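Report on the structure given below.
Laid out in structure tokens, this is it:
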């Protein structure tokens, strides 16, 4: 067996911490070729670990006294709380004691801390947050989904390259199709940013650029990687979540309103299947790509399965040497 | 009865022109306090008009030989095709021979032509395209939904004022709640544009600014008017269309895949109701606001009902003197 990947995991971040986080770590060491460093308040972590039978040598508890809340201002929280699970975990990734770091805690603090502590790969201007956006037949990898709200065209070109490497290696898609999110299919459409980005992407080497994708077509999944600035990306991501929820609510409302209760009862399974197709736990988190180590932002509501899947992502990422491949591609 | 409103209508624009456009005009004069100037190739228009019984004096045919296609470059099409239904119709709105102009033709040509020919209200920096976005309990008026892809903060403040006047007068909502589309609820969140726009909106007089709205919350309809740049607005609009369609497809797929055919048959009515709640024909078009006359972009696939509702919008707009009220509010 290869050398095991070591993942540092923030035991204190997320709505269901530490219970589900610790359970995710236990499940991960049982199923994956990984060792875990669980970072946080050791009494709480040990109390959770005591519930399970697992290979003890593969989970190490690293004590960190402080916790950064989701309501704290990222920069000052990172500077002030040196002994927080988030800062201690990021330092493990920086020093090489861990290959990657996963946290379901504050997005802002994680992104800020990752940039300050782990640092960018040489040549990467802005690391990007990637998200697997569910589509009709699978998913599209969207970046940037919120880390960089104001972008230059050059950043978008780098997002395209990093996204291609990621999707190729993590999901095994050869020559992934890369599209630019734009309001119009033709090259000359869009705003100042997308017009300039199109020019760069068109002549960019090592990516399979297929042109613009209109927001209307995103849910049909015609591209494997889609790039845009973080404001637009976050808008796409969050609107998709809100709209899916609303539509399903409305459909259920209409069904239960009339004399369709019998039909509604029969439809539990199809509705569950629809929900599953849009299930973010399956992927288990958004990778922050372009840093010297992988940092994964797990959803705030992550359960054990989501955490395990985020860890799986770290294992694949490290084994495939994505950092090396990004350096090579830029 | 008041003086009748006169609406110029592009008989040649849209996928279902001239058949459905002419039918929409006939329905409008029967139901509304309006006279129509139908602009386009008179032989074709007269052949359609011959199918109906209606008060002849209330529909006038204005011949225009040329048609601008949706694939033409807007600026050159407007300059070159002086005798197109679109240019002739816009000139009627400019000269005051019509109070408003409705077209289901090329969006780009209509917006460009409206700016060049009809012109802006004094003080309006950028007219905005407004859209009624369906929400869980009604709709939200979104502007700009695609006319201005690169915006300054000042434009967004004007969109908020114009949107408020529109919603108050057309839909009778007093003190409409205005929100800024932003990726984060707090004032300090967002990109350079939204941060600056927030500062302006916060102290802006005559609007009921309620702060940021996150894209996730848009479908729940917590604001009456939402403002953003045209790139983000068009993304919201088109992604909503695409995602609604995809989700309904997926749900139907799941229902018909299993042994749920019986349930599916029972669900035709609820599904039709859901579709109706998201029906754009009900509103009948996107008003281009901030011009000296109202110009309405009807959807390319508009049927007679959509056209009639677009005309109704023109009647309300003119009777309420929205141009005067916008001047007063800026």
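Chains as they are written, first to last, in the working numbering: chain A, 16 to 345; chain B, 16 to 345.
For glycine and all other residues, C-beta sits at the position ideal for the given N, C-alpha and C.
None of the values given here were measured: they were computed from a predicted structure.
Using a CB distance cut-off of 9 Å, residue 265(A) counts as an interface residue toward chain B.
By the neighbour-count definition (other C-beta atoms within 10 Å, threshold 16), residue 122(A) is a buried residue.
For residue 330(B), the closest Cβ of chain A is not nearer than 9 Å. Nearest neighbour of residue 181(B) by Cα position, chosen from 335(B), 20(B) and 25(B), turns out to be 335(B). Taking 9 Å as the cut-off, the beta carbon of residue 134(B) is found no closer than this to the beta carbon of residue 52(B). Residues of chain A whose Cβ lies closer than 8 Å to the Cβ of residue 231(B) are, in chain order, 253, 254, 256 and 257. Listed by position along chain B, the residues whose Cβ is nearer than 7 Å to that of residue 270(A) are 282 and 285.
According to the DSSP assignment, residue 343(A) belongs to the alpha helix (DSSP H) that extends over 337-344. For residue 190(A), there is no enclosing alpha helix (DSSP H), as DSSP marks it with neither H nor E. Close to chain B, meaning a Cβ-Cβ distance shorter than 8 Å, are the following residues of the region 132-164 of chain A: 150, 151, 161 and 164. Only those residues of the region 189-200 of chain B whose C-beta falls short of 9 Å from the nearest C-beta of chain A are listed: 196, 197, 198 and 199.
Counting along the chain, no alpha helix (DSSP H) covers residue 145(B), and no H or E run does either. Contact between residue 322(B) and residue 254(A) is ruled out by a C-beta separation of about 29 Å, above the 8 Å threshold. Contact between residue 312(A) and residue 125(A) holds, with the beta-carbon distance rounding to 6 Å and staying under 8 Å. Around the beta carbon of residue 90(B), fewer than 16 other beta carbons lie within 10 angstroms, which makes this residue exposed.
By the Cβ criterion, the region 185-203 of chain B is not in contact with the region 129-146 of chain A, since fewer than three pairs of Cβ atoms, one from each stretch, lie closer than 8 Å.
Between the region 21-35 of chain B and the region 43-62 of chain B there are three or more C-beta pairs closer than 8 Å, enough to call the two in contact. Using a CB distance below 7 Å, the part of the region 200-228 of chain A facing chain B consists of 205, 206 and 207, ordered along the chain. In this structure, residue 196(B) places its C-beta atom within 9 Å of the C-beta atom of residue 247(B). Contact annotation for residue 234(B) against chain A: 257, 258 and 261 [CB-CB distance below 7 Å, chain order]. One Cα belongs to residue 199(B), the other to residue 84(A), and the distance between them is close to 16 Å.
For residue 127(B), the CB contacts under 6 Å within the same chain, skipping 5 residues up- and downstream, are 89, 90 and 93 in chain order.
243(B) is the residue among 299(B), 183(B), 243(B) and 326(B) whose C-alpha sits nearest the C-alpha of residue 174(B). Using a CB distance cut-off of 9 Å, residue 244(A) counts as an interface residue toward chain B. Within the DSSP secondary-structure output, residue 70(A) pairs in no beta bridge. In the three-state reduction of the DSSP assignment, residue 46(B) falls in the helix class, which pools H, G and I. Between the alpha carbons of residue 54(A) and residue 161(B) lies a gap of roughly 47 Å. Residue 231(B) is classed as buried because its beta carbon has at least 16 other beta carbons within 10 Å across all chains shown. A residue is called buried when at least 16 other Cβ atoms come within 10 angstroms of its Cβ; residue 264(B) does not meet this threshold and is exposed. Within chain A, the residues placing a beta-carbon under 7 Å from that of residue 250(B) are 198, 230, 247, 250 and 251, ordered along the chain. Between residue 288(B) and chain A, the shortest Cβ-Cβ separation is below 9 Å. Inside the region 118-174 of chain B, DSSP marks whole beta strand (DSSP E) runs of 3 or more residues at positions 146-150 and 153-158, from first to last along the chain. Counting along the chain, residue 245(A) sits inside the alpha helix (DSSP H) bounded by residues 245-272. Under the DSSP assignment, residue 106(A) falls in the alpha helix (DSSP H) whose first and last residues are 100-110.
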